[in-house]
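Step one of this worksheet: look at the structure below.
Chains as they are written, first to last, in the numbering used here: chain H, 176 to 322; chain B, 176 to 322.
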């Protein structure tokens, strides 16, 4: 149930880019500021670029920046691609639980719980992470109080 | 986001015991039937016993069995203890997201999603995994159709 290091680094890179959105930043900068190895970051950034969360420009004066506004980068969307397990998830073919054996029924229930996890993250964007006073925060506070 | 092997084995042991609830079973039996190493299983069963999901009796004629009816073994409860990460989860001290920095706000949102995951699993018991035609299955089918 723990997020992978790859997801952790992906989220940190997005936060960093969101906080420095007025300029292109380099992988070197992020590596130094977060004390994360450049090799790890290159793999992370390469994938974030492939998934269109990040835009990269090569050459002098180049660097990376967010590919869309932080308001349009959804946490559920990010995690559903950065977590390899979720991308490869084998959803049980039949959802008619009565027809399944115990192992498959368990898979259906676990899959159902994962959906609830991702649907909750779908309520939050990178902008909610970056900025206080958003509607999302009020939602969280409300739910925590009610729970 | 993937469950650990420890949780996977714990759930399999509980399913096995639920399916053989009229007799005590031995770790040897489970090891042979599931092709899981005896050493792994001993650690799993020792913890399931400590957490009161399983009752163990030593000596000749001894073995293990469920410590309560399958209807009272809740999947959310099982996973919240078998996943070491969840037991050790450092819940952000303040839930007032406006007062936090970006990293802590992200932690609050992720924690919120984990709660949704566990709350969904709280709807299902070991009995739902073992038996078709429960209310829980109807719930899942309904939600899948609506989604």
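Using N, Cα and C, we set each Cβ at its ideal position, and we do this for glycine too.
Small disclaimer: the values here were computed from a predicted structure and weren't measured.
Go to residue i, then tell me how far its alpha helix (DSSP H) extends in each direction, as first and last residue.
i, result
"residue 241 of chain B", "Taken as a continuous stretch (DSSP letters only), residue 241 of chain B belongs to no alpha helix (DSSP H), being part of the beta strand (DSSP E) at 238-241."
"residue 246 of chain H", "Run containing residue 246 of chain H: none; DSSP gives neither H nor E here."
"residue 299 of chain H", "No alpha helix (DSSP H) holds residue 299 of chain H; DSSP gives it neither H nor E."
"residue 262 of chain H", "259-262"
Tell me, to the nearest whole angstrom, how far the beta carbon of residue i is from that of residue j; I am working on the premise that it is less than 8 Å.
i, j, result
"residue 305 of chain B", "residue 231 of chain B", "Wrong, their Cβ atoms sit about 21 Å apart, outside the cutoff."
"residue 187 of chain B", "residue 209 of chain B", "6 Å"
"residue 250 of chain B", "residue 182 of chain B", "The pair is not a contact, with the Cβ atoms about 10 Å apart (cut-off 8 Å)."
"residue 262 of chain H", "residue 256 of chain H", "6 Å"
"residue 296 of chain H", "residue 284 of chain B", "7 Å"
"residue 213 of chain B", "residue 221 of chain B", "Actually they are not in contact, since the Cβ atoms of residue 213 of chain B and residue 221 of chain B sit about 12 Å apart, beyond 8 Å."
Which term fits residue i, buried or exposed, when burial requires 16 or more other beta carbons within 10 angstroms of its beta carbon?
i, result
"residue 203 of chain B", "exposed"
"residue 217 of chain H", "exposed"
"residue 276 of chain B", "exposed"
"residue 193 of chain H", "buried"
"residue 185 of chain B", "buried"
"residue 280 of chain H", "buried"
"residue 197 of chain H", "exposed"
"residue 278 of chain H", "exposed"
"residue 258 of chain B", "buried"
"residue 322 of chain B", "With a pLDDT of only 39 at residue 322 of chain B, under the threshold of 50, the placement of this residue in the model should not be trusted, and no figure is reported."
"residue 303 of chain H", "buried"
"residue 320 of chain H", "Low confidence applies to residue 320 of chain H: its pLDDT is 43, below 50, so where it sits in the model is not reliable, and the reading given next is rough at best. Burial call: exposed."
"residue 317 of chain H", "In this predicted model, residue 317 of chain H has a pLDDT of only 46, less than 50, meaning its place in the structure is not dependable enough to derive any value."
"residue 219 of chain H", "buried"
How far does the beta strand (DSSP E) with residue i in it reach, from first residue to last?
i, result
"residue 230 of chain H", "229-232"
Take residue i as the anchor and find which of the options has the nearest alpha-carbon.
i, options, result
"residue 177 of chain H", "B:292, B:207, B:303, B:279", "B:292"
"residue 235 of chain H", "H:223, H:288, H:201, H:214", "H:201"
"residue 199 of chain H", "H:222, H:239, H:189, H:260", "H:239"
"residue 224 of chain H", "H:189, H:289, H:211", "H:189"
"residue 211 of chain B", "B:191, B:260, B:282", "B:191"
"residue 247 of chain B", "B:221, B:222, B:228", "B:228"
"residue 287 of chain H", "B:294, B:287, B:282, B:286", "B:294"
"residue 226 of chain B", "B:260, B:243, B:195", "B:243"
Which bits of chain D does residue i rub up against, with CB to CB less than 7 Å?
i, result
"residue 177 of chain B", "No chain D is present in this structure, whose protein chains are H and B."
| request: Ignoring anything shorter than 4 residues or poking outside the segment 195-235 of chain B, list the alpha helix (DSSP H) runs there in chain order. | output: 202-209, 213-225
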